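**Q** Have a look at this one.
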Amino acid sequence: MQDIDIVDLKRISELIYQKYNYDFRNYAMSSFKRRVQRILDLKKLTIDALIKRLSDVPGFMEEFLDELTVNVTEMFRDPSFWRVMREEIIPAIMLNHKQFKVWHAGCSSGEEVLSMAILLKEMGILGNVQLYATDLDVNIMERAKMATYPIKNMELNEKNYIRFQGAGSLSDYYKEENGMAVFSKDLLANVNFRKQDLVLGEPFNKFDLILCRNVMIYFNQTLQNEVLKKFHESLFKYGYLAIGSKESLIWCDYANRFIVVNNEEKIYKKIKD
Amino acid sequence: MSMFTLNNSYKAVVIGGSAGSFQGVVKILSQLPKGFPLPIIMALHRLKHVRHGFIEALSIKSVVPVVEPDDKEPIKKGGVYLAPANYHLSVELGNNFSLSTEEMMNNSRPAIDITLSTCGYVFKDKLIGILLSGANRDGALGMKHIKDKGGLTIVQEPSECMIETMPKAAMALTSIDHVLKVDQIVEFFKELDKQYK
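Chains V and Y are the protein sequences, given in the same order.
Numbering follows this note's numbering, with no gaps: position 260 of the first sequence is 264.
Numbering follows this note's numbering, with no gaps: position 80 of the second sequence is 127.
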């Protein structure tokens with residue numbers, strides 16, 4: 005962790021924006037710096053060599069993006085959140101709609117959307133819900149579509165599932181093959197995966213529930229504001245937005261168009277257009 | 048005569064600790080001078096999947112309530128902050144916190160190195176870094192960062208630590224200004240507080 009100069013970070017984000025149309029210019033500085041440092045260490049590059057490779061080697065951007073985005077996640081992260089989903093939020097949506105749409109914004113390797121599918125299946129309503137899972141990074145979404153994870157991750161996932169008080173055992177949903185947990189493909193049959201850039205992309209649909217947990221923490225406040233605006237536009241009136249347990253909307257301009265439904269689990273409801 | 052040469056230019060204190068540090072932290076927080084003017088930012092190793100209980104336990108005896116900051120929360124003078132479970136805690140230029148769920152570092156999330164280094168980067172020579180008892184090397188690199196930026200470095204006296212690995216690793220990696228027992232760290236805070244009155 006030596007220090008990368010902010011000027012160099014700005015050169016990188018400017019170059020990526022101009023040449024590849026990804027906008028990292030308003031990412032939170034400390035984590036962006038660590039991600040770039042990580043790539044320098046992994047690829048054994050100097051900062052100048054990295055910049056040169058980004059400008060001269062077209063295929064390198066994809067590799068860079070894959071390492072730059074944070075893809076650390078787990079199934080049923082914060083089990084109490086998932087209990088509130090099952091016991092309060094989804095039943096509240098179903099009071100008005102038999103069928104509804106959910107967007108997992110920044111789905112990464114898919115653990116969260118898979119958790120949602122399992123929850124809905126256990127509620128007996130998986131077929132009534134259209135799930136959308138989007139990410140900036142198409143490579144990581146390919147992993148999400150496979151719903152296949154190292155078996156060593158299952159200990160933590162199973163622990164979370166037990167705390168969530170699921171109907172059975174997490175292992176009911178996967179088969180073990182060559183050290184991997186291969187989840188049943190039926191779970192993802194209703195999931196639409198698509199590439200979506202939260203920063204530069206426009207709203208593409210309307211939803212009853214949006215989950216964007218621990219994604220906006222990588223943005224600075226300016227960008228959090230802009231993305232919240234897009235979520236607001238993408239929600240039906242009285243739709244729900246769930247963010248990470250240590251995130252907050254209160255520093256955003258659009259916060260007053262939402263009310264807090266559950267402060268502990270950071271679930272908000274859109275109340276004003 | 049004071050054993051410390053201090054001034055009132057410091058802007059923040061950052062504390063790292065792991066196994067065996069809890070009692071020390073409680074002692075420091077319980078004897079903190081009233082109205083202590085600087086923010087105290089703490090990264091302590093803790094159970095990843097237990098969100099509750101830790102700040103409550105620390106707050107019982109603390110003079111100032113301990114807060115687990117939300118992402119982008121502004122850093123207040125005199126606030127006492129603790130890295131939340133399962134998140135790394137950084138400070139950003141512009142005087143606010145940011146959280147991240149990046150890979151574990153030194154087998155830890157929160158990683159002490161991340162909090163210490165980002166504090167070092169933002170506060171430079173206006174920072175005091177304190178590393179307490181612990182069983183791994185997390186924090187050593189962060190202390191080096193703080194020293195390299197001109198900050199003041201303090202570690203808990205290894206002989207007093209339940210596990211001395213952490214302060215010893217820092218002492219091996221960088222120059223440490225003061226090696227102190229917890230009672231002396233308490234005195235240090237009192238001396239420091241006087242500089243601002």
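Beta carbons: idealized from backbone N, C-alpha and C, even for Gly.
Note that the structure is predicted; figures quoted are calculated from it, not measured.
Tell me the residue span of the alpha helix (DSSP H) that contains residue 167(Y).
**A** 159 to 170
**Q** Closest by CA to residue 24(V), which one among 36(V), 32(V) and 63(V)?
**A** The option with the nearest alpha carbon to residue 24(V) is 63(V).
**Q** When you compare only the Cα positions, how much space is there between residue 124(V) and residue 167(Y)?
**A** 46 Å
**Q** Helix, strand or coil for residue 225(V), going by three-state DSSP, please let me know.
**A** Assignment of residue 225(V) by DSSP, reduced to helix, strand and coil, places it in the helix class.
**Q** I need the DSSP call for residue 105(V), collapsed to helix, strand or coil.
**A** strand
**Q** In angstroms with no decimal places, state the Cα-to-Cα distance between residue 160(Y) and residue 189(Y).
**A** Computed Cα separation, rounded: 4 Å.
**Q** Report the neighbours of residue 221(V) on chain Y: residues whose CB is nearer than 9 Å to its CB, in chain order.
**A** Within chain Y, the residues near residue 221(V) are 118, 119, 134, 145, 146, 147 and 148.
**Q** Would you report the Cα separation of residue 186(V) and residue 158(V), rounded to the nearest angstrom?
**A** 11 Å
**Q** How is the alpha helix (DSSP H) around residue 4(V) delimited, first residue to last?
**A** Beyond the ends of chain V as shown, which are 5 and 277, falls residue 4(V); an answer cannot be given.
**Q** Among the candidates 194(Y), 56(Y), 106(Y) and 154(Y), whose CA atom is the shortest distance from the CA of residue 165(Y)?
**A** 194(Y)
**Q** For residue 59(V), does the three-state DSSP call read helix, strand or coil?
**A** helix
**Q** On the criterion of 16 or more Cβ atoms from any shown chain inside 10 Å, does residue 141(V) qualify as buried, or is it exposed?
**A** buried
**Q** Between residue 106(V) and the rest of its own chain, which residues show a CB-CB distance below 8 Å, the 5 nearest in sequence each way excluded?
**A** 120, 133, 134, 135, 136, 211, 212, 213, 214 and 215
**Q** Return the chain-ordered list of same chain residues with a C-beta closer than 6 Å to the C-beta of residue 198(V), the five sequence neighbours on each side being excluded.
**A** So the qualifying residues of the chain are 138.
**Q** Got a sec: is the Cβ-Cβ distance from residue 131(Y) to anything in chain V below 7 Å?
**A** yes
**Q** Return the first residue and the last residue of the beta strand (DSSP E) that residue 223(Y) is part of.
**A** That residue, residue 223(Y), is in no beta strand (DSSP E); it is neither H nor E in DSSP.
**Q** Among 228(Y), 66(Y), 220(Y) and 199(Y), which residue has its Cα nearest to the Cα of residue 207(Y)?
**A** 228(Y)
**Q** Less than 8 Å between the CB atoms is what I'm expecting for residue 55(Y) and residue 203(Y), so what's the real figure, rounded?
**A** Not a contact, Cβ separation roughly 25 Å.
**Q** When the Cα of residue 99(Y) is compared with those of 108(Y), 113(Y), 80(Y) and 121(Y), which residue comes out closest?
**A** 113(Y)
**Q** With DSSP run on the structure shown, which of helix, strand or coil describes residue 166(V)?
**A** helix
**Q** Taking Cβ to Cβ, would you say residue 250(V) is nearer than 7 Å to residue 117(Y)?
**A** yes
**Q** In the DSSP assignment, what are the bridge partners of residue 179(V)?
**A** 186(V)
**Q** Is residue 41(Y) near residue 172(Y), with beta carbons less than 7 Å apart?
**A** The structure shown does not extend to residue 41(Y), since chain Y is modelled only from 48 to 244, so the question has no answer here.
**Q** Helix, strand or coil for residue 232(Y) per DSSP?
**A** helix
**Q** Let me see if you follow: with CB-CB separation under 7 Å, is residue 248(Y) close to chain V or not?
**A** Because chain Y spans 48 through 244 in this model, residue 248(Y) falls outside it and cannot be assessed.
**Q** Give me the DSSP bridge partner(s) of residue 196(Y).
**A** DSSP, once it has assigned bridges, lists no residue as partnering residue 196(Y).
**Q** List the endpoints of the continuous beta strand (DSSP E) containing residue 154(V).
**A** 152 to 154
**Q** DSSP on residue 274(V), reduced to helix/strand/coil?
**A** For residue 274(V), the secondary structure class from DSSP, reduced to helix, strand or coil, is strand.
**Q** Which of helix, strand or coil does DSSP assign to residue 186(Y)?
**A** coil
**Q** Is there a C-beta anywhere in chain V that falls below 7 Å from the one on residue 165(Y)?
**A** yes
**Q** Which word fits residue 242(V), buried or exposed, when buried means at least 16 other C-beta atoms lie within 10 angstroms of its C-beta?
**A** Of the residues assessed, residue 242(V) falls on the exposed side of the cut-off, its CB having fewer than 16 other CB atoms within 10 angstroms.
**Q** Below 7 Å on C-beta distance, what does residue 34(V) contact in chain Y?
**A** 137, 139, 145 and 165
**Q** Within 7 Å (strictly less), CB to CB, does residue 252(V) reach chain Y?
**A** yes
**Q** Look up residue 134(Y) in the DSSP assignment and say whether it is helix, strand or coil.
**A** coil
**Q** Let me know the secondary structure DSSP gives residue 212(Y) once reduced to three states.
**A** helix
**Q** Counting only beta-carbon separations shorter than 7 Å, does residue 61(V) have a partner in chain Y?
**A** no
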